[in-house]
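Trainee: Numbering (UniProt numbering), first residue to last: 1 to 188. Just so you know, even glycine gets a beta-carbon here, dropped at the ideal spot from N, CA and C. Source: prediction; values computed, not measured. The structure's right below; bear with me while I get my questions together.
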């Protein structure tokens, strides 16, 4: 019996104390906010780097997908597909069929304004994927003077003309490869 009375008294005392202490004190609140601000300040530079890397990877992925789509279109339609890289306007345009023909189709990919794609080793800004599986510089694939893409040619992708992050290479047989670099070179 005594035990039951003691438990009731302790229970009332516990609930009374709990009612008085239901929130943060001003000092606890200030300390919590200060700790959160310090953690946020430490994380901010890392988040910016993550965002830059994501934008660079996305631009490289868009460019590679455009090249792969052009290669596929050329093989499926058995006609030339031209990829034009406009570095100033930051866009990639695919054109199937003859360039100025009424039956030609085009598709445009836009690159984020904060990302640059630059040409490496005299890579052309216009590439033609031919129906014969060849990849040529420029638009002219019919003349005997046409130039096939050579091995050293490629494109660099970076954030705001910074350090080179990705290199995209296309060879004369239509193989497309991407490699991420640490800091080899810079985009211009």
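Check each candidate in 47, 72, 116 and name the one with the smallest Cα separation from residue 158.
Mentor: Out of 47, 72, 116, 116 has the C-alpha closest to the C-alpha of residue 158.
Trainee: Under the rule that 16 or more other beta-carbon atoms within 10 Å means buried, what is residue 54, buried or exposed?
Mentor: Looking at its Cβ environment, which holds fewer than 16 other Cβ atoms inside 10 Å, residue 54 is exposed.
Trainee: Which term fits residue 144, buried or exposed, when burial requires 16 or more other beta carbons within 10 angstroms of its beta carbon?
Mentor: Residue confidence for residue 144 is low, a pLDDT of 49 falling below 50, so the modelled location carries little weight and cannot support an answer.
Trainee: Considering only their Cβ atoms, is the gap separating residue 78 from residue 131 smaller than 9 Å?
Mentor: Cβ atoms of residue 131 and residue 78: closer than 9 Å.
Trainee: For residue 119 versus residue 95, is the C-beta distance shorter than 9 Å?
Mentor: Contact: no.
Trainee: The beta strand (DSSP E) with residue 127 in it runs from where to where?
Mentor: 126–129 is the extent of the beta strand (DSSP E) around residue 127.
Trainee: In whole angstroms, give me the CA-to-CA distance for residue 172 and residue 90.
Mentor: Rounded to whole angstroms, residue 172 to residue 90 spans 25 Å at the Cα level.
Trainee: On a CA-only basis, which of 181, 83, 64, 114 is nearest residue 105? Give me that one, please.
Mentor: Residue 105 has its Cα closest to that of 83, out of 181, 83, 64, 114.
Trainee: With distances taken from CA atoms, which of 80, 114, 85 is nearest residue 48?
Mentor: It is 114.
Trainee: Near residue 125, what residues of its chain come up, given a Cβ to Cβ distance below 8 Å and the 5 sequence neighbours on each side ignored?
Mentor: Excluding sequence neighbours, residue 125 sits near 84, 85, 86, 87, 119.
Trainee: Pick out whichever of 52, 27, 33, 107 has its Cα sitting closest to the Cα of residue 73.
Mentor: Out of 52, 27, 33, 107, 107 has the C-alpha closest to the C-alpha of residue 73.
Trainee: Can you have a look at residue 56 and say buried or exposed, based on whether 16 or more other CB atoms are within 10 angstroms of its CB?
Mentor: It is buried - the Cβ of residue 56 has at least 16 other Cβ atoms within 10 Å.
Trainee: The alpha helix (DSSP H) with residue 65 in it runs from where to where?
Mentor: 26–77 is the extent of the alpha helix (DSSP H) around residue 65.
Trainee: Determine the direct distance from the alpha carbon of residue 111 to that of residue 92, and round the result to whole angstroms.
Mentor: When rounded, the distance between both Cα atoms is 8 Å.
Trainee: Considering residue 174, what are the terminal residues of the beta strand (DSSP E) in which it resides?
Mentor: First-last for residue 174: undefined, no H or E at that position.
Trainee: Leaving aside the five residues before and after residue 129 along the sequence, list all residues of the same chain whose C-beta is less than 6 Å from its C-beta, in chain order.
Mentor: For residue 129, where only same-chain residues beyond five positions count, the Cβ hits under 6 Å are 70, 71, 74, 81, 135.
Trainee: Run through DSSP, which three-state label would residue 165 get?
Mentor: Residue 165 falls in the coil class under three-state DSSP.
Trainee: Does residue 165 pass the burial test, meaning 16 or more other C-beta atoms within 10 Å, or should it be called exposed?
Mentor: It is buried - the Cβ of residue 165 has at least 16 other Cβ atoms within 10 Å.
Trainee: Does DSSP classify residue 8 as helix, strand or coil?
Mentor: Correct three-state label for residue 8: helix.
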